[in-house]
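Peer 1: Right, I'll just put the structure down here and ask away after.
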Amino acid sequence: MQKILCFTTALSCSLLALVSGCSSNSDSNASSALNGVVNAVAPIKKPIPLIVAPENPDPATTAKVEQYLKSIAPLGSNQQTHGVWMQSGDKLLANHQGTVPITAASISKVATTLATLKTFGPDHVFVTQIGTNGTIENGVLKGDLIVQGGQDPFFVWEEAIGVGNTLNQMGIKRVTGNLVLVDKFYMNFSRSSDTVGRLFQTALNSRLWNRQVNNIYATLPAGTAKPQVIINGKVKTDATVPPNFKLLVRHNSYPVAELLKKMNNYSNNAMADMFADAVGGASVVSQKASEAAEVPQNEIYLINGSGLTYENKISPRAAVGMFRAIEKHLQQYNMTVADVFTVTGQDKGVLEQRKIPKFSVVKSGSLDTVSALVGALPTQNQGTVWFAIMNKSGDLVKYRKEQDTFLTKKTTEWGVATASPTELLPSPARQAKISTSEIITVQKP
């Protein structure tokens, strides 16, 4: 009999920081005609494009952008190294170097987010399978404990502890054989088999825990058990599972949307690169992102999925286009961009100390001399303003401050939003989405 065990895991902050249906109206129309009533056909609304034409921006906003660019001139670079794109509905508000690719830093993660959602969808889970080539007798697993990875980018201490407790509930307290790792099994954002094996072995046996693991355990729900699964053998790797492999536990990751939210809140580089690899690599991410965002492919150039390089380049227009494409893709799931990106003033993460207007949904990007910000800014008079500000070759900290000041001034001018608009509200249904471990086989002593 199968049993599903759900684990509400705490967020490893320290690790993360590293269609319309058709219906016939003929009967109703005939009835209305008999009564002298003519049904008017509602005009078909023209869909708002993801990105608007780059010509004829709003003069007033353009003037403000020019003032902003002058204010950052003393910070180390000329205006040609910066890019700004702002639009609302079908109206272009500002365009400075908007179609020119600029060093993107972690704005690259917007491309990775888009490509991942287009590839897997928001509800896909990555499956890690735990099994054996042996038997369970009197609390002892006589054989190897085999872990077949499934590219879960957020298999961290909490997940491993949960798996350990599941094995204990199955009656397994000791493994006579080896810990064998197969396929792409990651842990704590590491891909090194030696490191991953050591970490997993430690997590399964609470007697081996150090202060870090104990601190993370303390964040788990009260009453969470401490696992004790002793592995006598060594950590080994294999290309495939053995033919006599018996599945014991299936561990399902958080759904993709929740994983992306964690990645973006903390701008986790390792997760982003894992997602990019799962999609097919940086070049595939670039291609999928440019197609979805409806921009030329030369406006999105990536060599990795994280942005931890000066070589990744994205235009401000493409950054906005990707954000809008994510918005469009998630609508079919009754979700919004707030389900995968940071909501300022609400979500924890790397943007907690920034003074970005409240209720904005954004993603930042930073390198030593690069600061970028892209997202959605709610206003009373302009509605949701989609923007990208990308600064290069200067003072990172001061760039951030000037971006926040500029957006705050524009929000004040356009009317400060007193609440999140519907299009920027996260879906309440996503709050119950967690990781699970499912017992597949129970071998009684």
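Numbering of the sequence shown is given in our numbering, commencing with residue -10 and proceeding in unit increments.
Backbone N, C-alpha and C fix where the C-beta goes; we use that ideal spot for every residue, glycine too.
No experiment lies behind these values; they were computed from the predicted model shown.
Quick one: what's got a C-beta closer than 8 Å to V26's C-beta in the same chain, skipping five residues either side?
Peer 2: Low confidence applies to V26: its pLDDT is 42, below 50, so where it sits in the model is not reliable, and the reading given next is rough at best. Counting only Cβ-Cβ distances below 8 Å, and skipping sequence neighbours, we find nothing.
Peer 1: Taking P417 as the reference, which of A327, L5, A361 has the closest Cα?
Peer 2: Ranking the options by Cα distance to P417, first place goes to A327.
Peer 1: So for R313, helix, strand or coil by DSSP?
Peer 2: If DSSP states are grouped into helix, strand and coil, R313 belongs with the helices.
Peer 1: Does the distance from the C-beta atom of P305 to that of G65 stay below 8 Å?
Peer 2: It is not a contact, given that the beta carbons lie outside the stated cut-off.
Peer 1: Are the beta-carbon atoms belonging to I161 and A308 less than 8 Å from one another?
Peer 2: Contact flag unset, no.
Peer 1: Given S12, which residues of its chain have a CB within under 6 Å of its CB, disregarding the five upstream and five downstream residues?
Peer 2: Legend: pLDDT at S12 = 39, less than 50; position of this residue unreliable, value from coordinates given subsequently. Cβ within range, chain order: n/a, list empty.
Peer 1: When you compare the CB positions of F178 and V136, do they come within less than 8 Å of one another, or not?
Peer 2: No; because the gap between Cβ atoms is not below 8 Å, this pair is not in contact.
Peer 1: Going by beta carbon distance, what residues of the same chain come within less than 7 Å of G372, once the five residues before and after it are set aside?
Peer 2: Excluding residues within five positions, the ones whose Cβ falls inside 7 Å are S77, G78.
Peer 1: Within the same chain, show all residues whose beta-carbon is closer than 7 Å to that of T229, passing over the 5 residues directly before and after it, in chain order.
Peer 2: For T229, where only same-chain residues beyond five positions count, the Cβ hits under 7 Å are V171.
Peer 1: When the Cα of K347 is compared with those of G354, N84, Q335, S353, which residue comes out closest?
Peer 2: Taking only the C-alpha atoms, the option nearest K347 is Q335.
Peer 1: With 16 other CB atoms within 10 Å as the buried threshold, where does D112 fall?
Peer 2: Exposed.
Peer 1: With a CB to CB cut of under 6 Å and the five nearest residues on each side skipped, what residues in its chain are close to Q118?
Peer 2: Closer than 6 Å at Cβ, skipping near neighbours: Q137, L236, R239.
Peer 1: Can you give me the start and stop residues for the beta strand (DSSP E) that N241 sits inside?
Peer 2: Taken as a continuous stretch (DSSP letters only), the beta strand (DSSP E) holding N241 covers 235 to 241.
Peer 1: So which of L81, I150, G296, F234 has the shortest CA-CA distance to V202?
Peer 2: The residue with the shortest Cα to Cα distance from V202 is I150.
Peer 1: Distance, Cα to Cα, L39 vs V114?
Peer 2: Approximately 28 Å, taken between the alpha carbons.
Peer 1: Mind checking whether N370 and G338 have CB atoms under 8 Å apart?
Peer 2: Taking 8 Å as the Cβ cut-off, N370 and G338 do not qualify as a contacting pair.
Peer 1: Given a cut-off of 8 Å on the beta-carbon distance, is the pair V268 and D227 in contact?
Peer 2: No, the pair does not count as a contact, with Cβ atoms beyond the cut-off.
Peer 1: Taking the alpha carbon of E391 as the point to measure from, which residue in A62, T401, M324, K317 has its own alpha carbon closest?
Peer 2: The candidate whose alpha carbon is nearest that of E391 is A62.
Peer 1: At 4 residues or longer, and completely inside the stretch 45 to 117: list those alpha helix (DSSP H) runs for me, N to C.
Peer 2: Complete alpha helix (DSSP H) runs here, min 4: 48 to 61, 97 to 109.
Peer 1: Considering only the beta carbon of each residue, do L82 and A42 sit closer than 8 Å?
Peer 2: In this structure, A42 does not lie closer than 8 Å to L82 by Cβ.
Peer 1: Output needed for Q420: all residues of its chain with C-beta closer than 7 Å, excluding positions within five of it in sequence on either side, in chain order.
Peer 2: Here the set comprises nothing.
Peer 1: With respect to the alpha helix (DSSP H) encompassing T394, which residues constitute its N-terminal and C-terminal limits?
Peer 2: Its alpha helix (DSSP H) spans residues 385 to 403.
Peer 1: Helix or strand or just coil, what does DSSP make of P417?
Peer 2: Helix at P417.
Peer 1: Report the three-state DSSP secondary structure of M176 (helix, strand or coil).
Peer 2: It is a strand residue.
Peer 1: To test your reading of the DSSP string, which unbroken beta strand (DSSP E) runs of 3 or more residues are found completely within the stretch 138 to 224?
Peer 2: Segments of the beta strand (DSSP E) lying fully in the stretch 138 to 224: 168 to 173.
Peer 1: Quick test of the definition: if touching needs 3 or more C-beta pairs under 8 Å, does the stretch 274 to 291 touch the stretch 89 to 107?
Peer 2: Judged by Cβ distances under 8 Å, the stretch 274 to 291 makes contact with the stretch 89 to 107, as three or more pairs qualify.
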